[in-house]
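Participant: Residue 237 in full-length UniProt numbering sits at position 237 of the sequence shown, with consecutive numbering throughout.
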Amino acid sequence: MHLKKIKINNFRNYDSAEVELSPGLNILCGKNGQGKTNFLEAVAFLTLGRSFRTSRDEDLIKEDKKGFYLKGEFQSNEENLILEVGNALDRVVVKVNRVVQKSKRELFGRVRTVIFTPEDLQIIKGGPEKRREFLDLYLAQAYPDYRQVFLRFYRTLYQRNALLKNFKEGFRDYNQLEVWTNRLVEEGSRVVLYRQQALVEINPWLNHYHQAMSNDRETLGCAYKFGRDVVQELDLDKIRERFRQMLQTRSEEEFRRGYTLAGPHRDDLQIMMNDRLELRVYGSQGQQRTAALALKLAMVDLIKKRQGAAPLLLLDDVFSEFDNERKRELLNLLTTGTQTILSTTELKTTSAFSGPLKLFTVESGVIKD
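1. For residue 424, tell me which candidate among K65, L164, S76, R105 has the shortest Cα-Cα distance.
2. For A162, does the count of other Cβ atoms within 10 angstroms reach 16, so buried, or fall short, so exposed?
3. Give a yes or no on contact between the stretch 8-17 and the stretch 64-82, applying the rule of three or more CB pairs nearer than 8 Å.
4. Provide the residue(s) that pair with S343 in DSSP beta bridges, ordered along the chain.
5. Tell me which residues share the same chain as R98 and place their Cβ nearer than 7 Å to its Cβ, disregarding the 5 neighbours each side in the sequence.
6. Can you tell which of G188, H265, M213 has the C-alpha that lies nearest to the C-alpha of I239?
7. For S214, count the other beta carbons within 10 Å of its own beta carbon; 16 or more makes it buried, fewer makes it exposed. Which is it?
8. Give, in chain order, every unbroken run of the beta strand (DSSP E) that is at least 3 residues long and sits entirely within the stretch 177-232.
9. Rounded to a whole number of angstroms, what is the C-alpha to C-alpha distance between D173 and N182?
10. How many angstroms separate the CA atom of L220 from the CA atom of P311?
11. Quick one: is K305 buried, meaning 16 or more other Cβ sit within 10 Å of its Cβ, or exposed?
12. Near N274, what residues of its chain come up, given a Cβ to Cβ distance below 7 Å and the 5 sequence neighbours on each side ignored?
13. G86 lies in the beta strand (DSSP E); which residues open and close that run?
14. Can you tell me whether DSSP reads M246 as helix, strand or coil?
15. Let me confirm a value: L343 is counted as buried when at least 16 other C-beta atoms fall within 10 Å, else exposed. Which label applies?
16. Cβ atoms of C222 and L269: under 8 Å apart, would you say?
17. Of the residues G227, I202, F134, which one's Cα is nearest the Cα of F52?
18. Using only CA atoms, which one of R228, E241, D57 lies nearest to R190?
19. Thinking just about the alpha-carbon of each residue, which of K71, M246, E252, I123 is nearest to the one in V94?
20. If you run the structure through DSSP and keep just helix, strand and coil, what is K125?
21. CA-CA distance, M1 and F116?
22. According to the Cβ coordinates, are R110 and V100 closer than 8 Å?
23. My output table needs one value for S16: the three-state DSSP class, helix, strand or coil.
24. Out of F39, L334, A42, G258, which one is the CA nearest neighbour of N166?
25. With contact counted as at least three CB pairs below 8 Å, one residue from each stretch, are the stretch 137-157 and the stretch 317-332 in contact?
26. Between K87 and I61, how many whole angstroms is the CB-CB distance? I'm expecting something under 8 Å.
27. Three-state secondary structure (DSSP) at E278?
28. Measuring alpha carbon to alpha carbon, tell me which residue in K36, K4, E20 is nearest V366.
29. Quick one: measure Cβ to Cβ for A212 and E329, integer angstroms, because I've assumed they're closer than 8 Å.
30. Report the residue ranges of all beta strand (DSSP E) runs contained in full by the stretch 264-308; include only those spanning at least 3 residues, in chain order.
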């Protein structure tokens, strides 16, 4: 499904804009600070129900305005879809095909979307929570059941942590703890299985994209760190057994601290270059940036495989810090049949692209094609 038309009112630095897009490559060109990223943010808000830059919707409202409004018209061979969201500070109205919905959460997953921004370098350089957030966002779009499994795990974790807090304060109910531990092991093991399955699936694509952008000079792979160890086990029973052992080993420490010390909420994604060097530690910033982009492109392929259709791909300032060779290779990769919206300050670079594209200029919140 691709974005055919978007309407933007009073969003960031936009007063009013209506833009028709190509189902292929769309390039937004302009100087920094003109509204390119704001446009991508508006598209992402419609498809994910949230911004990729802030958790405060009020930050999205244009200065001196009382609210913003977004409308996207999407199209595929099978259906047409209209998504709308209006935010007037204390009131949010969401519509799907003109039917009012309960909340912004109803927008998520209707049009699957993969986003790359300069901040995605933190997937490689940052703490484990950045890599878990990356996995959870895209697995929820690739696998139909993952989001509910993930939410059930975190609800269970919340209840178990509340009970462990009582243990720390001296009120110990071991029967209740066993009940919540069993639930935690069941739901958490399913989260781990999904994550590990995804990494097994994306590894070939990940290496393909990274090698293409590094001119075959480097290989790239990833694996799941369940606790302290890297594992690639895809047997749910073995994952349950391992998880239970991890909890038993740290039970006394959990009683002292008052919260759960093992599980998918503390796991990590290990990213290795040339089969031996952990990229987070040994990679240059250019290598890390290429790897982060390769991870996003691999997720495009995972979603395409699992959902039968390519997601929308948003690339913000993707050429920044890439040398000319990597820029050319990236442009060659953008011929996969995926609708792509790409922002750049470097119009000259895009001339190397041989496929069809639609070019827009962005200046002070005004878009022209």
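Beta carbons are placed, not taken as given, at the ideal position from N, Cα and C, and that holds for glycine.
Facilitator: Reading from the atomic positions:
1. Only positions 1 to 369 of the chain appear in the structure, and residue 424 is not among them; the question remains open.
2. exposed
3. yes
4. L28
5. I82
6. G188
7. buried
8. 220-226, 229-231
9. 15 Å
10. 23 Å
11. exposed
12. E218, T219
13. 80-87
14. helix
15. Here residue 343 turns out to be Ser, not Leu, going by the sequence shown. Buried is the call here.
16. yes
17. F134
18. E241
19. K71
20. helix
21. 19 Å
22. no
23. strand
24. G258
25. no
26. Per the sequence shown, the amino acid found at residue 87 is Asn instead of Lys. Sure, about 7 Å apart at Cβ, within 8 Å.
27. strand
28. K36
29. 5 Å
30. 268-273
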